[in-house]
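**Student:** Following my numbering, the numbering of the sequence shown begins with 39 at its first residue and continues without gaps.
The beta carbon of each residue, even a glycine, is placed where N, CA and C say it ideally should be.
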Amino acid sequence: GNYMDNQQRAFEQSLAQERQAHQLEIERLKDDTLKLSIDSEVSFDFDSARIKPAFRHSLDKLADVLRKYNRTVVHIVGHTDSTGSADYNLDLSRRRAEVVADYLASRGVPRDRLRTEGRGESEPRASNATAAGRQLNRRVEIYVKPIVEGQEYKAYESPRY
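#1: Using DSSP with H/G/I as helix, E/B as strand and the rest coil, what is D83?
#2: How many angstroms separate the CA atom of D77 from the CA atom of E190?
#3: I believe L142 touches L97 by the beta-carbon criterion, under 8 angstroms. Please report the beta-carbon distance rounded to the nearest angstrom.
#4: How close, in whole Å, do the beta carbons of I185 and R66 come, if the pair is a contact with beta carbons under 8 angstroms?
#5: Do you know how far the Cα of D70 is from the Cα of N40?
#6: Please list, in chain order, all residues of the same chain as N214 whose beta carbon is under 6 angstroms from its beta carbon, the five residues on each side excluded.
#7: Are there 16 or more other CB atoms within 10 angstroms of the CB of H60, so buried, or fewer, so exposed?
#8: Is the beta carbon of G171 closer than 7 angstroms to that of G116?
#9: Assuming V103 is part of the alpha helix (DSSP H), what are its boundary residues?
Take a look at the structure:
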């Protein structure tokens, strides 16, 4: 409800520059979850789990909002394209999610609110047959789920959308 409305506005304001540059999308899902999709071109180099320096600034702003709105669980989900083996991609996507979680934790977001998951190449957004499609498939998605009294467990469930 209102709590997530305010948090969404805070994300939209603090990350306006990234949204304008089409580096990040913010979407409200049906159960009040906020989904932030981050373009891989700004977040990680190809075949790397090291955060690009420019992406740190965006994560700092994200961490500020997450610290302020602390009645949420943050799910960080890594995705890859289909270049390389499925096992390798699954591992790479997990490492990317972990690195983002570690960075947010280093900026004061409590680790017990952060959940990570790698989905490898299993959920493409576009065809892997083109470079543009592969670029869309290499991404990190951050789901911010509200902790609702009496249904706290739901905030910790893996996001499936």
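**Tutor:** By the coordinates alone:
#1: Residue mapping note: residue 83 aligns to position 45 of the sequence shown, counting from 1. In the structure shown, D83 sits in coil (DSSP, three-state: anything other than H, G, I, E or B).
#2: Locating residue 77 in the sequence shown gives position 39, where the first residue counts as 1. Locating residue 190 in the sequence shown gives position 152, where the first residue counts as 1. Each residue's Cα considered, the two are about 30 angstroms apart.
#3: By one-based count along the sequence shown, residue 142 stands at place 104. By one-based count along the sequence shown, residue 97 stands at place 59. With a Cβ gap of about 6 angstroms, L142 and L97 count as contacting.
#4: Residue 185 sits at position 147 when you count from the first residue of the sequence shown. Residue 66 sits at position 28 when you count from the first residue of the sequence shown. With 8 angstroms as the limit, I185 and R66 do not qualify as a contact, their Cβ atoms being about 17 angstroms apart.
#5: In the sequence shown, counting from the first residue as 1, residue 40 sits at position 2. In the sequence shown, counting from the first residue as 1, residue 70 sits at position 32. One C-alpha to the other measures close to 10 angstroms.
#6: Because residue 214 is not part of the residues shown, which for the chain are 39 to 199, the question remains open.
#7: For this step, residue 60 is matched to residue 22 along the sequence shown. Exposed is the call here.
#8: Counting from one through the sequence shown, the residue named residue 116 turns up at place 78. Counting from one through the sequence shown, the residue named residue 171 turns up at place 133. No, Cβ-Cβ distance for G116 and G171 is not below 7 angstroms.
#9: The residue labelled residue 103 in the question sits at position 65 within the sequence shown. Start and end: 91-106.
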